[in-house]
């Protein structure tokens with residue numbers, strides 16, 4: 001049991017007192033059980049207080065928002081520090097994961113997205129691009145693939161590219177890296193139209 005660890009029992013007791021002072025006795029009594037679940041889940045990793053990255057990976061930014069008061073307590077007591085950058089990074093990684101999950105539904109065309117994701121990840125490691133840019137590049141790439149699949153093709157052709165850009169004209173620059181990859185590595189006959 002998590003309260004076998006004296007530190008955990010002391011942290012939760014201190015949180016209960018803090019919550020009573022912050023929210024009032026009656027609201028604290030109502031909320032304490034819900035927040036107990038948060039602490040149990042947090043301590044399930046075996047760590048006393050996980051670091052910010054571990055917390056965000058485990059709970060996601062959305063679940064942490066629902067548990068704002070325990071998190072605020074932990075931050076005020078100096079037990080954890082979660083920055084806006086930490087939250088943004090976890091959110092972006094989740095969105096990228098969702099895009100790649102949708103990509104898996106494209107069947108064998110998924111290989112194009114995997115290769116593009118790998119290329120973008122490498123550029124990120126090199127410091128050339130950031131996490132948000134990776135997501136913003138993957139979204140139009142997936143949309144172009146879906147256009148091709150709706151037209152009965154796995155590998156997009158010029159007709160698919162023009163159709164996609166006709167429905168999303170502002171995505172020309174965003175899809176250009178994917179077009180280059182398809183052309184250079186998979187032999188697609190694609191050319192971005194002039195502006």
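Residue numbers (this note's numbering): 1 to 195. Where is the CB? At the ideal position from N, CA and C, for every residue including glycine. Predicted model, so just to flag it, every value in this text is computed and none were measured.
Check	Outcome
For residue 22, does the three-state DSSP call read helix, strand or coil?	helix
Indicate the three-state DSSP secondary structure (helix, strand or coil) for residue 180 in the structure shown.	helix
Please give the ranges of any alpha helix (DSSP H) in the segment 24-76, keeping only runs that are unbroken, at least 4 residues long and fully inside the region.	25-43, 52-66, 68-76
Between the beta-carbon of residue 181 and the beta-carbon of residue 119, is there less than 9 Å?	yes
Please specify which runs of the alpha helix (DSSP H), each continuous and at least 4 residues long, are wholly inside the segment 143-187, giving them in chain order.	158-167, 172-186
Taking the beta carbon of residue 194 as the centre, do at least 16 other beta carbons fall within 10 Å, making it buried, or is it exposed?	exposed
Going by the CB atoms, is the gap between residue 144 and residue 186 shorter than 9 Å?	no
What residue from 132, 116, 158 has the CA that sits closest to residue 142's CA?	116
Who are the Cβ neighbours of residue 39 in its own chain at under 8 Å, not counting the five residues just before and after it?	2, 8, 11, 12, 15, 70
Closer than 8 Å by C-beta to residue 130: which residues in its own chain qualify, once you throw out the five before and the five after it? Chain order, please.	124
Within 10 angstroms of its Cβ, does residue 184 collect 16 or more other Cβ (buried), or is it exposed?	exposed
Could you give the DSSP three-state label for residue 81: helix, strand or coil?	coil
Helix, strand or coil: which one does DSSP assign to residue 134?	helix
Using a Cβ-Cβ cut-off of 6 Å (strictly less than) and excluding sequence neighbours within five positions of residue 21, which residues of its own chain qualify?	none
Hey, how far is the Cα of residue 68 from the Cα of residue 54?	17 Å
Just to confirm, are residue 56 and residue 89 a CB contact at a threshold of 9 Å?	yes
Hey, residue 190 and residue 157: beta-carbon distance below 9 Å or not?	yes
Starting from the C-beta of residue 75, find all residues in its chain whose C-beta is less than 8 Å away, skip the five residues before and the five after it, and write them out in chain order.	81, 82
Let me know the secondary structure DSSP gives residue 108 once reduced to three states.	helix
Buried or exposed, going by whether 16 or more other CB atoms sit within 10 Å of the CB of residue 101?	exposed
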